[in-house]
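Asks: If you read the sequences in order, they're chains A and B.
Heads up, the first sequence is in the working numbering, so the first residue is 1 and it goes up one at a time.
Heads up, the second sequence is in the working numbering, so the first residue is 1001 and it goes up one at a time.
Ideal Cβ positions, reconstructed from N, Cα and C, are used throughout, including at glycine.
Below is one structure. I have some questions about it.
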Amino acid sequence: MRYSGFRVIAEALTGHKGWKPVWRDPAPQPDYDYIVVGGGGHGLATAYYLAKEFKQARIAVLEKGYLGGGNVGRNTTIIRSNYLLDGNEPFYEFSLKLWEGLEQDFNYNAMVSQRGIINLIHTDAQRDAFTRRGNGMILNGADAELLNRDQVRAMYPFLNFDNARFPIKGALMQRRGGTVRHDAVAWGYARGADMRGVDLIQNCEVTGMRIENGRIRGVETTRGFIGAKKVGVAVAGSSSKVMAHAGMRLPIESHVLQAFVSEGLKPFIDGVMTFGAGHFYVSQSDKGGLVFGGDIDGYNSYAQRGNLPVIEDVAEGGMALMPAIGRARLLRAWGGIMDMSMDGSPIIDKTHVEGLYFNGGWCYGGFKATPASGWCFAHLMAKDTPHPTATAYRFDRFLKGLMIDEKGQGAQPNLH
Amino acid sequence: MIINHPILGPRDAQEFVYLGDANLINRPDGMTAGIEAFHDYLYNRDNPAGEHRELWYHEQGDRSWLVVTRNTVTHEILKVELARDVAKAQGRSK
């Protein structure tokens, strides 16, 4: 079933009786060529690109709960490619280009909205750093623009420009950045994969891995053993748990990140804004709610809920930036489990087990990476060589001293 | 979260800085351990879902290091010890 304007009108006139479920609910086959563990954004994108771009067949996605029920369903929906380092920027720019063509590619409305993202500048040193970052972005084919104070004021006149501690002096802007309807990304990829014959198997938790002579033979699950020639794991916050089945200890800690949405307000924030000095970033959803967040709570957690001190800290950051929101009420707060890596950058790599691949360590930046992560992981699994934009995302970079540490924080995951 | 400090009694977790897995106490000997052992010590973690022994530093208090045993699924704190006592019990001089 393809979606089109004509189809929407035809259904409207006939009582919407023609819509069908957009993916099957198959029982697992005894074996597959490819198993992707994790039915979130990255796992579904991997299966989609394996089938569509790399022309592979006999693919299954195994999901412990329901499709898109993890971090792809609980993030703050921002897309951007404003990274500094060579290991990162080409990958994220590849991802942003995929976002730009995604809806046409998988024929699904993901509400990709390139409304622009700004990172606020408060000091001369920060302007130097952002100028350097902007140049790094431009060198890798992305767009970047340095805004002065008046240009920021023209866009967002209600900001607290004369804050005593962090006066706003300008911003780094990426106009092609923006937001996407996050659930629709999972649904679009799921539908596209299902249409190409991928089995999306829900309520199927991986409980073990069958490894013989250093080679993967399949996975033990709550729905029985499923054989596979190749297994790729993309399970974000549960990475350490799943890879422990293969005897691996990962350079990853799981942390909780909270996000928030206010009651619906009239439109007043057109784009995405980050206030790094105050640990706060915000955009406004199409329904009018302010979608915002801040730092991770900072301690290991698998709880999918955080604690009150961070809520207070984020709210204070918001108030410091734009006092106008002081009377808006918080509608919801929630938490997701981040796979925080030791240098703040992800891993897309083979493992010591032949036929077992790993995709994780996305920290709290996984959503924007979804298309490129899926593409590059599918590339690695299908061809056994890394995609050109993802060659730096290796396990052994920590052993070799080739860290991709955007902030220069060292091996301290709660500071990335 | 409230951390029941062995000396100061119950204190809010906000007063503390979190470092990570308590195994960071057991740094390999730099003169004898190989690069692999140091790589494993510095970068790899068990990262369990459930009971986790971890280092917290009482920065806004008495500046002691604590080993806190906490459940990472429920956030329940099960045990709090002075890191000094833990290290001594493991045979370290301090």
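Given that Ser345(A) touches chain B, what residues does it touch there, using C-beta distances under 8 angstroms?
Replies: Chain B residues near Ser345(A): none, gap ~13 angstroms exceeds 8 angstroms.
Asks: To the nearest whole angstrom, what separates the beta carbons of Leu159(A) and Met322(A), a pair I think is in contact under 8 angstroms?
Replies: 6 angstroms
Asks: From Ile337(A) to Pro251(A), what does the alpha carbon distance come to, in whole angstroms?
Replies: 16 angstroms
Asks: Specify whether the stretch 398-406 of chain A and the stretch 112-131 of chain A touch according to this definition: at least 3 beta carbon pairs, one from each stretch, less than 8 angstroms apart.
Replies: no
Asks: Give the range of the alpha helix (DSSP H) segment to which Trp1056(B) is assigned.
Replies: From DSSP, Trp1056(B) is part of no alpha helix (DSSP H) but of the beta strand (DSSP E) over Glu1051 to Tyr1057.
Asks: Going along the chain, which unbroken runs of the alpha helix (DSSP H) with 4 or more residues stay wholly within the stretch 281-328 of chain A?
Replies: 308-321
Asks: Please report the straight-line C-alpha distance between Gly471(A) and Arg24(A), rounded to a whole angstrom.
Replies: Examination of residue 471(A) is not possible in this model, given that chain A is present from 1 through 416 alone.
Asks: Note down the Cα distance separating Trp1056(B) from Phe395(A), rounded to an integer number of angstroms.
Replies: 28 angstroms
Asks: Using 7 angstroms as the limit for Cβ to Cβ distance, is Ala1104(B) near chain A?
Replies: Residue 1104(B) lies beyond the range of chain B shown here (1001 to 1094); nothing can be said about it.
Asks: How about Ser341(A) and Gly365(A): are their beta carbons less than 7 angstroms apart?
Replies: no
Asks: Can you pull out the residues from the stretch 1035-1064 of chain B whose beta carbon lies closer than 9 angstroms to at least one beta carbon of chain A?
Replies: Under the 9 angstroms Cβ criterion, the stretch 1035-1064 of chain B contributes Ile1035, Glu1036, His1039, Asp1040, Leu1042, Tyr1043, Asn1044, Arg1045, Asp1046, Asn1047, Pro1048, Ala1049, Gly1050, His1052, Glu1054 and Trp1056.
Asks: Of all the CB atoms in chain B, is at least one closer than 7 angstroms to the CB of Tyr302(A)?
Replies: yes
Asks: Please report whether the beta-carbon of Val1073(B) lies at a distance below 7 angstroms from any beta-carbon of chain A.
Replies: It does; some Cβ of chain A falls within 7 angstroms.
Asks: Could you name the residues of the same chain whose beta carbon sits closer than 6 angstroms to that of Gln114(A), not counting the 5 residues immediately before and after it, in chain order?
Replies: Arg176 and Gly178
Asks: How far does the alpha helix (DSSP H) with Val185(A) in it reach, from first residue to last?
Replies: His182 to Met195
Asks: In whole angstroms, give me the CA-to-CA distance for Gln151(A) and Pro388(A).
Replies: So the two alpha carbons sit approximately 37 angstroms from each other.
Asks: Going along the stretch 1011-1024 of chain B in order, which residues come within less than 7 angstroms of chain A, judged by CB to CB distance?
Replies: For the stretch 1011-1024 of chain B, which is checked against every Cβ of chain A, the residues closer than 7 angstroms are Gln1014, Tyr1018 and Gly1020.
Asks: Should Met342(A) be flagged as near chain B, meaning a C-beta pair shorter than 7 angstroms?
Replies: yes
Asks: Grab me the residues of Asn163(A)'s own chain with a C-beta within less than 7 angstroms of its C-beta, minus the 5 sequence neighbours each way, in chain order.
Replies: Ala320
Asks: CB Pro28(A) to CB Ile226(A), shorter than 7 angstroms?
Replies: yes
Asks: Taking 7 angstroms as the CB-CB cut-off, is Ala411(A) touching chain B?
Replies: Chain B, which has a Cβ nearer than 7 angstroms to the Cβ of Ala411(A), makes this yes.
Asks: If we call anything under 7 angstroms between Cβ atoms a contact, is Tyr34(A) one with Ile9(A)?
Replies: Against a cut-off of 7 angstroms, the Cβ pair of Ile9(A) and Tyr34(A) comes out as no contact.
Asks: Against chain B, which members of the stretch 235-267 of chain A pass a CB distance test of less than 7 angstroms?
Replies: Ser240, Lys241, Arg249, Leu250, Pro251, Ile252, Glu253 and Ser254
Asks: Could you tell me the alpha carbon to alpha carbon distance between Asn107(A) and Gly326(A), rounded to whole angstroms?
Replies: 41 angstroms
Asks: Would you tell me roughly how many angstroms separate the C-alpha atoms of Ala369(A) and Glu103(A), rounded to the nearest one?
Replies: 16 angstroms
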